[in-house]
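Q: This is the structure I want to talk about, given as structure tokens.
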Amino acid sequence: MVNLKIDGKQVQVEHGATILAAAELAGSHIPTLCFLKKVSSTGACRICVVEIEGVAKPMTACNTPATEGMVVTTRSEKLTTIRRQIVELLLVNHPLDCPVCDAAGECDLQNICYELDVVRQPFAAEDVNADVIDRWPLIQQVPNRCVMCEKCVKVCHETIGSSALFVNEKGDRAFIDKDLDKCEFCGNCVAVCPTGTMISKPFKFRARCWELTKVPSVCTACGCQCQVDLNVKNNTLFRVTAEDASTVNNGNLCVGGYFGHDYVHAEQRLESPQLRSGDTLTDASWDDALSAVVERMQAVRKEFGSDALAGLGSPRLTNEEHYLFQKLFRAGVGSNNIDSEARFGALRAATVLRNTLGLKGASHSLSHIGKAEAVLVFGCDVTAEAPAVDWQIEEACRRNDGKLIVANMRKVKLSRHANVNLGYRPGSEVALANALCRLLLDFGLVDLPQLKTYVGNIDAMQAHLATVDVDAMAKATGLSRNLLEEAARQLGAAGSVAVVFGADLTKAAQAEEAVGAVANLALLTGALFADAGGLFPIDEKGNMQGLLEMGVCPESFPGYQDYTANRATFEKLWKVTLPEAGRDALAILEGIEQGGVRFLYLAATNPLVNFPMAERWRKALDKVEFLVVQDILASELTALADVVLPGCSAFEKTGSVTALDNRVSCLGKGIDPVGAAREDWEILAELSQRLTGESLCLDNSALQEEIRAMLPMYGGVCFAGDGHGQLCLKAPFQLQAGAAQFTPLNAVAGADAGLQLLSGKLLSHFGSTTTFAPSPLELAASGYVEMHGDDARALGVEDGARLRVSSSVGEIMAPVRISASVQPGLLFAPYHFADMVVQGLMPGVQNRVEVKVSRA
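Quick note, the sequence shown lines up with residues 107 to 962 if you use this note's numbering.
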């Protein structure tokens with residue numbers, strides 16, 4: 107520790123702490139402009155100068171380390187004069203456009219001027235500022251307002267890791283410029299700008315900051331669930347912001363959080379229930395719409411039995427809505443035919459991890475990633491799928507000098523930073539994991555005594571790995587043995603390891619095998635045993651973890667309680683007779699095709715875009731006798747419905763959500779529902795009441811109490827109010843002695859033949875909802891197919907040419923983007939767009955398929 111004196115007060119700080127940090131402890135205010143706690147100090151503005159006894163000239167407090175016995179003065183007439191003059195120099199040629207500047211009222215430069223009594227401009231200079239930069243999407247840069255604090259550059263480089271912003275030119279001609287190819291359009295440069303230099307175009311000239319009410323809430327664009335403030339006025343959501351320090355995301359947002367919200371005011375919003383009359387849908391009252399749903403439910407159940415009714419839920423709903431949805435069908439309808447898109451990815455991964463490790467979601471909080479000494483990212487474009495996980499990886503591997511190993515079929519953003527890039531062949535995930543496991547064991551980098559404590563079949567593990575031929579695995583993956591050895595050494599040498607995996611694995615045809623192989627790797631690297639790191643399955647959807655835990659699948663009741671084993675218990679609790687079994691999504695699809703399922707309820711989900719086998723789903727939805735769609739936006743799906751029920755976005759409702767790392771947070775209701783739309787739980791509760799005849803009179807508090815009573819895993823969750831600062835953690839994961847199981851897996855021999863098309867997520871879109879939002883559409887207005895230059899030359903196509911891409915079950919037409927991000931033989935296409943349904947090419951539960959490609 108270091109002892110020093112600040113303005114006459116004795117202070118003790120850690121070695122390496124700055125004078126600014128010491129002054130904060132002493133309660134002495136030092137004005138700053140360029141300082142930002144979450145990035146390294148720049149010392150650019152010089153406003154934080156202080157006097158140090160024995161030092162001839164004033165020193166900047168933000169980057170001068172405190173030393174033993176130092177005596178510091180933070181306030182004096184001399185310092186005030188210096189600081190005032192610095193600000194006066196910063197204001198040379200600064201435009202007096204505060205009345206029309208979006209930063210007015212929250213501008214640090216304004217505040218500094220007021221604090222230091224800067225009321226005149228004694229200096230003049232030639233105006234050499236660059237012109238306004240208006241060519242960037244979503245963000246405008248006004249150089250003559252810039253004070254060159256470089257906060258935006260630092261956040262872009264150190265926190266987000268894109269390094270898109272840089273200083274162009276020199277001296278008084280310097281300005282902040284951008285490499286658009288690297289920009290993630292996260293908006294953090296706008297958020298940290300102390301002036302009106304970086305401006306959000308969608309927000310520009312729309313509202314004054316002091317007119318806005320900030321409603322604390324949670325972003326549900328992805329499973330990270332960042333804490334946010336909804337900035338609202340007159341029942342309109344103008345922008346979404348986040349506070350530094352007081353939020354789990356430390357004030358950072360991604361493109362979805364900052365710019366992806368404007369679908370909430372889209373012209374396609376559903377404002378009234380609708381009923382089909384012949385070939386048209388017409389507006390109806392809630393009473394008529396709900397009566398039509400209940401009457402058809404009862405009629406189908408009476409004539410064909412409860413097995414003829416089915417429902418599909420969505421990770422866009424809250425925990426309470428998930429709980430009500432499954433209870434509505436099981437206890438109200440008498441059908442266990444419930445499922446969701448989790449069937450095609452997240453549920454498969456969760457089942458493997460639960461069976462092999464006893465894991466229910468991520469093993470630790472996201473902050474454990476940032477503390478890891480090594481991070482393995484396997485089959486995941488984490489920047490797109492879970493941006494806040496990316497920020498933690500930047501913390502671990504760029505700021506803390508940890509090792510980063512990226513294993514991916516494609517080159518993703520993190521590939522730029524990786525110590526080892528494992529660009530494996532499609533379908534060789536098990537071979538890669540097996541090779542790494544064998545090498546870790548061969549190099550003596552596995553803690554065998556620890557594994558013997560926690561792994562119940564250690565002998566089977568050793569016997570299996572003894573059969574793994576590393577050279578054969580290297581050949582299968584297309585990687586050199588040297589590269590595999592380097593990756594194994596870096597993982598094995600780390601004191602703590604974080605293993606992150608995502609959609610390329612969880613949505614693959616062989617997802618169970620791939621996830622099992624990653625679970626094996628997590629065991630051998632010790633990812634589950636250290637105080638940092640952990641195992642982190644990633645799903646891009648907002649409340650997927652809550653959906654899984656609330657039992658929206660036929661196999662389990664809420665809390666992963668086995669359906670068959672616990673049916674009698676829930677019959678007693680709910681005072682009903684429950685069906686013996688149920689259909690999953692695939693069986694529901696087959697049931698519609700074969701005429702066994704006649705009634706389908708879709709709650710905030712769109713199989714026409716988001717599900718594999720989308721063309722089969724389209725034909726099935728055309729065929730099903732009665733279709734109910736509960737959603738927020740009019741689409742091709744709602745056009746097929748017999749009844750449309752308008753629900754609410756996350757900005758218009760209350761309730762709780764569960765993040766991928768087991769944080770439970772409550773939404774803050776920022777605006778009222780549009781038109782006659784209702785919160786989704788209200789719709790489900792009234793349907794349940796009409797079906798059962800019971801007066802529910804439920805609210806979220808009552809639902810949360812029932813969830814606590816029914817789900818042991820939520821027994822200690824507090825559901826502590828609305829907004830950030832009010833999150834609650836479920837009990838942390840503890841691996842029990844002997845509970846883990848190593849899964850012996852044999853790699854599939856040979857690579858898949860022909861051109862392979864992989865479907866996946868774009869950085870700028872989240873599900874299909876953001877395709878109704880103008881801001882994300884400005885970044886990606888439509889779909890495309892990414893192709894390596896070698897394949898393009900072989901086909902004789904140039905960048906931008908239209909292609910016909912066909913599989914055994916369908917075809918799409920799309921422009922081609924020639925890119926080095928995909929390897930030869932592999933194509934990539936985003937799945938978000940209804941006018942280019944990539945999922946329609948998938949013949950089964952998979953995200954990659956062999957295709958034929960020709961010029962359109």
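Beta carbons: idealized from backbone N, C-alpha and C, even for Gly.
1. List the whole-angstrom C-beta distance separating Ala853 from Val536, where the pair is believed to meet the contact cut-off of C-beta under 8 Å.
2. Can you check which of these residues, Asn461, Glu501, Leu202 and Ser383, is closest to Gly844 by C-alpha distance?
3. Taking Val481 and Val606 to be in contact with their CB atoms under 8 Å, please state how far apart those CB atoms are, rounded to whole angstroms.
4. By the 10 Å Cβ neighbour count, where 16 or more other Cβ atoms means buried, how is Glu409 classified, buried or exposed?
5. Using the Cα positions of Val400 and Leu797, report the straight-line distance between them to the nearest angstrom.
6. With a floor of 3 residues, list each beta strand (DSSP E) that falls wholly inside the stretch 879-923, ordered by position along the chain.
7. Tell me where the alpha helix (DSSP H) around Leu139 begins and ends.
8. Does Gln945 come out as helix, strand or coil in the three-state DSSP assignment?
9. Look up Val957 in the DSSP assignment and say whether it is helix, strand or coil.
10. Unbroken alpha helix (DSSP H) runs of length 4 or more, entirely within the stretch 514-576: which are they?
11. Which same chain residues, not among the five before or five after Ala593, have their C-beta less than 7 Å away from its C-beta?
12. Check whether the Cβ atoms of Met656 and Tyr429 sit closer than 8 Å, and answer yes or no.
13. Use the C-beta contact count for Ala897: other C-beta atoms within 10 angstroms, 16 or more gives buried, fewer gives exposed.
14. Determine the DSSP secondary structure at Thr457, reduced to helix, strand or coil.
15. Specify the secondary structure class of Asp278 as computed by DSSP and reduced to three states.
16. Would you mind reading off the limits of the alpha helix (DSSP H) that contains Lys115?
17. Taking only three categories from DSSP, how would you classify Lys171?
18. With H, G and I counted as helix, E and B as strand and the rest as coil, what does DSSP make of Arg375?
19. Less than 8 Å between the beta carbons of Gly366 and Pro882, yes or no?
20. I'd like to know if Cys252 contacts chain B, where contact means its C-beta is closer than 8 Å to some C-beta of that chain.
21. What would DSSP say about His940, mapped onto helix, strand or coil?
22. Taking contact to mean at least 3 C-beta pairs separated by less than 8 Å, is the stretch 342-351 in contact with the stretch 788-796?
23. Look at Arg908 and Glu917 and say whether their C-beta atoms are less than 8 Å apart.
24. Count the other CB atoms, across all protein chains shown, that sit within 10 Å of the CB of Thr173; report buried if there are 16 or more and exposed otherwise.
25. Who are the Cβ neighbours of His830 in its own chain at under 6 Å, not counting the five residues just before and after it?
26. Taking only runs of the alpha helix (DSSP H) that begin and end inside the stretch 778-812, which ones reach a length of at least 4 residues, in chain order?
27. For Val324, count neighbouring C-beta atoms within 10 Å of its own C-beta (all shown protein chains included) and say buried if the count is 16 or more, exposed if not.
28. By the DSSP assignment, the beta strand (DSSP E) with Leu733 in it spans what residues?
29. With three or more C-beta pairs closer than 8 Å as the rule, is the stretch 949-960 touching the stretch 613-622?
30. I need the boundaries of the beta strand (DSSP E) containing Arg382, first residue and last residue.
31. Where does Cys258 sit, in a helix, a strand or coil, going by DSSP?
32. Measure the beta-carbon distance from Arg704 to Asn443 and round it to whole angstroms, keeping in mind my assumption that it falls under 8 Å.
33. Is Asp287 helix, strand or coil by DSSP?
34. Using the beta-carbon count (16 or more within 10 Å), is Tyr364 buried or exposed?
35. Smallest Cα separation from Thr877: which of Asn340, Asn356, Leu202 and Gly362?
36. For Gln651 versus Leu766, is the C-beta spacing smaller than 8 Å?
A: Looking at the coordinates:
1. The residue labelled residue 853 in the question sits at position 747 within the sequence shown. The residue labelled residue 536 in the question sits at position 430 within the sequence shown. With a Cβ gap of about 5 Å, Ala853 and Val536 count as contacting.
2. Translated into the one-based positions of the sequence shown, residue 844 becomes position 738. The shortest Cα separation from Gly844 among Asn461, Glu501, Leu202 and Ser383 belongs to Asn461.
3. As a position in the sequence shown, residue 481 is number 375, starting the count at 1. As a position in the sequence shown, residue 606 is number 500, starting the count at 1. 7 Å between Cβ atoms; contact.
4. One-based indexing of the sequence shown puts residue 409 at position 303. Exposed, because fewer than 16 other Cβ atoms sit within 10 Å of the Cβ of Glu409.
5. The count along the sequence shown starts at 1 and reaches residue 400 at position 294. The count along the sequence shown starts at 1 and reaches residue 797 at position 691. One C-alpha to the other measures close to 6 Å.
6. Segments of the beta strand (DSSP E) lying fully in the stretch 879-923: 891-893 and 908-912.
7. For the purposes of this step, residue 139 is taken as the residue at position 33 of the sequence shown. Leu139 -> no alpha helix (DSSP H), and no H or E assigned at all.
8. Taking the sequence shown and counting its residues from 1, one reaches residue 945 at position 839. It is helical.
9. As a position in the sequence shown, residue 957 is number 851, starting the count at 1. Val957: strand per DSSP, three-state reduction.
10. 535-548, 554-560 and 564-572
11. Translated into the one-based positions of the sequence shown, residue 593 becomes position 487. Hits under 7 Å: Ile511, Val526, Leu528 and Leu542.
12. Taking the first residue of the sequence shown as position 1, residue 656 is located at position 550. Taking the first residue of the sequence shown as position 1, residue 429 is located at position 323. In contact: Met656 and Tyr429 (Cβ atoms closer than 8 Å).
13. The residue given as residue 897 occupies position 791 in the sequence shown. The question names Ala, but residue 897 is Asp in the sequence shown. Buried, by the Cβ-count rule.
14. Within the sequence shown, numbered from 1, the residue matching residue 457 stands at position 351. Correct three-state label for Thr457: helix.
15. Here residue 278 corresponds to residue number 172 of the sequence shown, with the count starting at 1. Helix at Asp278.
16. Here the question's residue 115 lines up with position 9 in the sequence shown. Taken as a continuous stretch (DSSP letters only), Lys115 belongs to no alpha helix (DSSP H), being part of the beta strand (DSSP E) at Lys115 to Val119.
17. Position 65 of the sequence shown, counted from the first residue, corresponds to residue 171. Per the sequence shown, the amino acid found at residue 171 is Pro instead of Lys. In the structure shown, Pro171 sits in a strand (DSSP, three-state: E or B).
18. Numbered from its first residue, the sequence shown carries residue 375 at position 269. Note: Arg375 maps to strand in three-state DSSP.
19. By 1-based counting over the sequence shown, the position of residue 366 is 260. By 1-based counting over the sequence shown, the position of residue 882 is 776. Yes, they are a contact pair.
20. Among the chains of the structure shown, chain B does not appear; only one protein chain is present.
21. Working through the sequence shown from its first residue, we reach residue 940 at position 834. This sequence places Ala at residue 940; His is not what is there. Here Ala940 sits in coil by DSSP.
22. Contact fails: fewer than three Cβ-Cβ distances are below 8 Å.
23. Here the question's residue 908 lines up with position 802 in the sequence shown. Here the question's residue 917 lines up with position 811 in the sequence shown. Against a cut-off of 8 Å, the Cβ pair of Glu917 and Arg908 comes out as no contact.
24. Translated into positions along the sequence shown, residue 173 becomes position 67. Burial call: exposed.
25. Residue numbering aside, residue 830 sits at position 724 when the sequence shown is read from its first letter. With a pLDDT of only 48 at His830, under the threshold of 50, the placement of this residue in the model should not be trusted, and no figure is reported.
26. 786-798
27. In the sequence shown, the residue the question calls residue 324 occupies position 218. Val324 is buried by the Cβ-count criterion.
28. To locate residue 733, count along the sequence shown from 1; it is residue 627. Here the beta strand (DSSP E) through Leu733 covers Phe732 to Asp737.
29. yes
30. As a first step, residue 382 must be located in the sequence shown, where it is residue number 276. Residues Gln380 to Ser383.
31. For the purposes of this step, residue 258 is taken as residue 152 along the sequence shown, with counting starting at 1. Under the three-state reduction of DSSP, Cys258 is assigned to helix.
32. The sequence position of residue 704 within the sequence shown is 598, counting from 1. The sequence position of residue 443 within the sequence shown is 337, counting from 1. Not really, about 11 Å apart at Cβ, beyond 8 Å.
33. To locate residue 287, count along the sequence shown from 1; it is residue 181. Residue state, collapsed to three classes: coil.
34. Here residue 364 is taken as the residue at index 258 of the sequence shown, counted from 1. Label assigned to Tyr364: buried.
35. For the purposes of this step, residue 877 is identified with residue 771 of the sequence shown, where counting begins at 1. Closest option to Thr877, judged by alpha-carbon separation, among Asn340, Asn356, Leu202 and Gly362: Gly362.
36. Position 545 of the sequence shown, counted from the first residue, corresponds to residue 651. Position 660 of the sequence shown, counted from the first residue, corresponds to residue 766. Yes, the Cβ-Cβ distance between Gln651 and Leu766 is below 8 Å.
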